[in-house]
Each structure stands twice: as structure tokens, then as C-alpha cells.
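A.B. asks:
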Amino acid sequence: MLIRKPSDIRPSQITSEAAYLNRRDFVRGALAGGLLSAAPVVGAVDDSAPTTTLPYQPNPNFSLTETPNTYDEITHYNNYFEFGTGKTDPAEHAEKLRTRPWNVTIAGEAEKTGTFTLEDILRPHALEERIYRLRCVEAWSMVIPWLGFPLGDLLKRFNPTSKAKFVEFTTLYDPKQMPGLRSSVLPWPYMEGLRIDEAMHPLAIMVVGLYGRALPNQDGAPLRTMAPWKYGFKNAKSIVRIRFTEGQPRNTWNSASPSEYGFYGNVNPEVDHPRWSQATERHIGGGFFNNGRQKTQMFNGYADQVARLYQGMNLHRYY
Amino acid sequence: MPAAQHPLDRRYRYLYQPLVFIACLVPLLGCIGGIAASSGLAFVPGFSLGTDPVRLVLDTLAKTALNLLLITLAITPLRQLSGNVQLLRLRRMLGLFAFSYALLHFLTYLGPYQGFSWHEIAKDILKRPYITMGFAALCLLVPLALTSTDRMQRRLGRRWRALHRLIWLVAALALLHFWKMLKHEYAQPLMYASLLAALLGWRLWWRYRPTRARSKFGPPKVQEKA
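Note that the protein sequences, when read in sequence, are chains A and B. Quick note: the first sequence, position 180, residue 181 per our numbering, numbers continuous. Quick note: the second sequence, position 177, residue 1239 per our numbering, numbers continuous.
1. Straight-line CA distance for Leu1087(B) to Thr1126(B)?
2. Contact check, Ala237(A) vs Glu199(A) under 8 Å by CB: the rounded distance?
3. For a cutoff of 8 Å on Cβ pairs, would you count Ala108(A) as touching chain E?
4. Rounded to whole angstroms, what is the Cα-Cα separation between Ser258(A) and Ser1144(B)?
5. Which residue wins for smallest C-alpha separation from Lys1(A), given the options Glu120(A), Glu139(A), Ser185(A)?
6. Does any residue of chain B bring its CB to less than 8 Å from the CB of Trp189(A)?
7. Which same chain residues, not among the five before or five after Pro188(A), have their C-beta less than 8 Å away from its C-beta?
8. Quick one: list the residues of chain A neighbouring His1167(B), beta-carbon separation under 9 Å, in chain order.
9. Just list the residues that DSSP pairs Gln1(A) with in beta bridges.
10. With burial defined as no fewer than 16 other Cβ atoms inside 10 Å of the residue's Cβ, what is the status of Ala1249(B): buried or exposed?
11. Can you check the stretch 1077 to 1162 of chain B for any beta strand (DSSP E) of at least 3 residues that lies completely inside it and give the ranges in chain order?
12. Three or more C-beta pairs closer than 8 Å, one from the stretch 57 to 69 of chain A and one from the stretch 79 to 93 of chain A: is that the case here?
13. On the three-state DSSP scale, how would you describe Ser1210(B)?
14. Where does Ala1220(B) land, buried or exposed, given buried means 16+ other C-beta within 10 angstroms?
15. What do you reckon, are the CB atoms on Met143(A) and Glu74(A) nearer than 8 Å?
16. In angstroms with no decimal places, state the Cα-to-Cα distance between Met299(A) and Val307(A).
17. What is the residue span of the alpha helix (DSSP H) that Trp141(A) lies within?
18. Please state whether DSSP places Lys164(A) in a helix, a strand or coil.
19. Taking the alpha-carbon positions, what's the Trp147(A) to Ser1100(B) distance?
20. Beta carbon of Thr1209(B), beta carbon of Leu1200(B): below 8 Å?
21. Using a Cβ cut-off of 7 Å, pull out every chain B residue sitting near Tyr78(A), in sequence order please.
22. Is the CB of Gly1196(B) under 8 Å away from at least one CB in chain A?
23. Taking the CB atoms as reference points, tell me whether Val272(A) and His317(A) lie closer together than 8 Å.
24. Given this structure, state the Cα-to-Cα distance separating Gly210(A) from Gly1095(B), to the nearest angstrom.
25. Taking 8 Å as the threshold, find out whether the stretch 1131 to 1145 of chain B comes into contact with the stretch 1180 to 1197 of chain B through three or more Cβ pairs.
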């Protein structure tokens, strides 16, 4: 067995908490000394952000080699309508959201259901970094270094029964903390769903951080999903409820405008949105004259891994 | 023109008109400053276009064009209410600024937004109703801009007024273009739509108003010109 039992690790090998918390200073010192000057710098991190750093391992098997967008871009260009419909509204208003204590209710077709604390949900999972493409249905894209763990690993812990054909995710609905909920722009609460085989796919992850830190509220703290072959709206943020269902769950954008947003929401350059083409996308991060317009890839570039999930399906019909 | 002798006329020519001109340039200067800052061409303090400069410039130019269209349409009611004919001096300038902003918005869409991929652009204009409407609005503004000179106004006579009523169609198309572009957000388009409806309502009321109201608001005070 390659997996080490806890007893295999000698206490002296464990990094003390103080040393762990100071590792940024170590990295900074190393940078100043030119030790790391040859290492690629993957985007500026705003050190003033009040977020906690998290321990993680990079997972190169599931990561792109493309340069991620900056922390500032990822945290100041968000669609999170619970905090307003503007792209910078979430960064402005999400501070009010309290993510501790946090409970997640597990319901539906599973053997273990009930309400669990966030700590219970997260405890058994080791975090890994995965650098994924994010393609928004609005035809813009980013590359983001998420921290999380396989969504399937979490779902299996609740022993879904044979009736569990789909998984439904519900976002927090709290008008006191989320000023955007006063607007009736969408039927609240925000809900999304995946087919069980999509949710169990190794690419689908539950996200708790980005850029080595705890997830900022505007990006969906404390818990959000990421299925990178789907448009961004398919991923629920700030999840409070996970329900295993037999029938296809309702998903919010589909309820709001069925001709524009389907249940599947798979990235597909051949199926246009009624109001714009999906053949290309603007990669966020260029200036005014270098607009980053690029071709959109089938399943957002993850076709080799996920195309088999949709064999024989008419993707023009199931968009 | 003999009217140029009147003090109010001089105030418009040398003070109000230049002030409105400068005010109309402010959004454009903001965009230019922001583009310079976000392109690293120059450090412009206080200017930032955020994470998506193309979108912000596109939206700013469009919003300014729409605002100026409505302000242009508000000039006639203001003149009718105040009896101040000098306001008409501002109308042409405001209309030409509205056209210029609409044109810059379109150019930003062609280049920075679509990267001059003509195939995509043609598909957008032909297939996407909201883009078709925006494009039509811009096209309809061209003859209005071209016939905005004193000479064309004199040459076309009565037909000039008929032609320039197209601005109502332009405003309606521009509003629909804005409305259909948004995802399920109606507050702003509704505000613009009610302003446009109020302006149109005023024109209709003015034309068919009862005679008592007619004498109250009077014809434009021509005696001021003496």
C-alpha cells in the first residue's frame, strides 16, 4: 500500500503550526534572496485580502498548464446574483456573508441524511489544487486555480441509493446577508443539479478555496461545486443543501428562461445561445486592444474525459 | 442672423453651448483615460476600467449615446415650456454627440470586442435581433447627422422635419437593443422606456392640446427677438 497510515508519519516530520503559518514569510524571504527567481509567478496575489491559507497538494493530472488569471480578476469579476447583477457587486457586497457556523443538509435518496456541520463535511477530504478553465455562458472565460476535492468522494459518504439518479444543490437564501435577493431577477433560492454520473466524474470537484487560500465569499464560500466542462451557471455557490433525487431537479436559469439555458449547460461551440454565438469567447485579462477573443472548445477542452457521458445524446436538444 | 445681437443669444453662443460641449466630452475622456491606464500606455491616476475594460467602454459609450438621444428629444418640450428658442442651438450639438457615441460604441464592438472577425459580426447583425436593432438605429442616425447643417435644413424645408422624426424610431430601436441585451433585468430599460413614453406623450398632448392650455403656454415668445 502506498497510502501511509497516520502512524507511519513520525512527529518530527510534521510541520509545526507556527512554521506552517510562517511559510509565506519563508517564501517571501526566498524570493528576496533570489532563490525562487526562476520559478514562474502565476499571477499577482493581493496580500491584503483577509483570507486564511489552506494546506493542499497540486494535482497536475487534472491541471492545465495555462497561466491562471490573477487573484484580483477572479475575485472582482463575478456572477453571483444574490449580491447584485453587476460583475463587481459580489466583491462589494459579499463581505456581509457569514460562512461560520455553516450547516449543510443532506436529503433525498441516500442512506445517510440529515444536517451536518461544515467541519463534518470537510474533515475526511485532503485538498488538492486543480487549475481549470471556467467558461461563462455569457461568452467570457478565465483560468482558475481552485482548491477542493472530488465531489464524488463527498457524495459517496452518504451512500446514495439506486434511486439516486440526480443530485440537486441549493444555495443559501438569506435576504439579510444577500442584498441581491430583494430583486426578483431570478426565482430564488438558486438551485442547480447534475446527473449522478456527472457528479461522480473525477473532474467534478467541491471547491473550498482558490490560490491556496480559503474561498472568498464572492466566489461562493464556503462550499461550491465546479464541473469545468459546463458553463459557470451549472455550479451552485454557498451550498446549504444537497439532495439526491430520482427525477431531474429544477435548475434556476432553466426555470427563468428555458429557451436560453438548459439543464445540461455543457460548453458547446456549435450550439449558440439565442442571443449570441458560443463559437468564441473573450478570455478575461487582456487590455483594451488585446481582447483575448479565442475559439471555444467542445466541453471546454475536456471532451476526452467527459464526451462519453453524453454518447448518443442530441446535444442540440439537450443543451 | 440679427438674433445674434440679443444678450441671451450671446450667452448661449459663448457660455452655455461651450459648457454643454465640454460636458458631452466627459464620458469620452473618461474612456480614453481608462484605456490608456488599462493598456499601460500611461499612468492615469484615478482611472481604472476594472477587469473587463472592453465591456466597460462598450457599455459607457452605449449608455451615453442613449442618454444624449433622450436629452435631445427633451429639448423641444423644454423650449415649449420655457418659450426659450435659444435651446434649439443645443439640440443639434446634442444630437451629433449622440450619433458620435453610437458610432464609437459600434467601432468598439467591431474591433476590441469582436476582434474584427467579420464572419461573426455579420452573423450577429443578421441573426441576433437585438444586434440587428442596434445596427438599424445607428444606420438611421446617419442621414440625420448628414442633414444636420443649416444648409440642408433650408434645402429640405418641410421634408427636413419629416425626416428628423426618425429620431423617435432610433430611440425606440436603441432602447430595445439595450433591453434585449440584458438578462432578466428590467429596472433600467423600464426607466428609459417611461422617459421616452413621457416625451412622446408630451408631444402628442402639445399638438392636440385644448385652446386654453395653448394660450397659457403660448407660442414661443418671438417678441424677445426684437
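Beta carbons are placed, not taken as given, at the ideal position from N, Cα and C, and that holds for glycine.
C.D. replies: Working from what's here:
1. 10 Å
2. Not really, about 13 Å apart at Cβ, beyond 8 Å.
3. Protein chains in the displayed structure are A and B, and chain E is not among them.
4. 47 Å
5. Residue numbering for chain A in the displayed model covers 2 to 320; residue 1(A) lies beyond these limits and cannot be assessed.
6. no
7. Thr253, Ser256, Ala257
8. None at all; the shortest Cβ gap to chain A is about 14 Å.
9. Chain A is shown only over 2 to 320; residue 1(A) falls outside these bounds and no answer can be derived.
10. exposed
11. none
12. no
13. coil
14. According to the sequence provided, residue 1220(B) is Arg. The question's Ala does not apply to it. Exposed, because fewer than 16 other Cβ atoms sit within 10 Å of the Cβ of Arg1220(B).
15. yes
16. 10 Å
17. First-last for Trp141(A): 141 to 151, but that is the beta strand (DSSP E), not the alpha helix (DSSP H).
18. coil
19. 26 Å
20. no
21. Thr1113, Asp1114
22. no
23. yes
24. 35 Å
25. no
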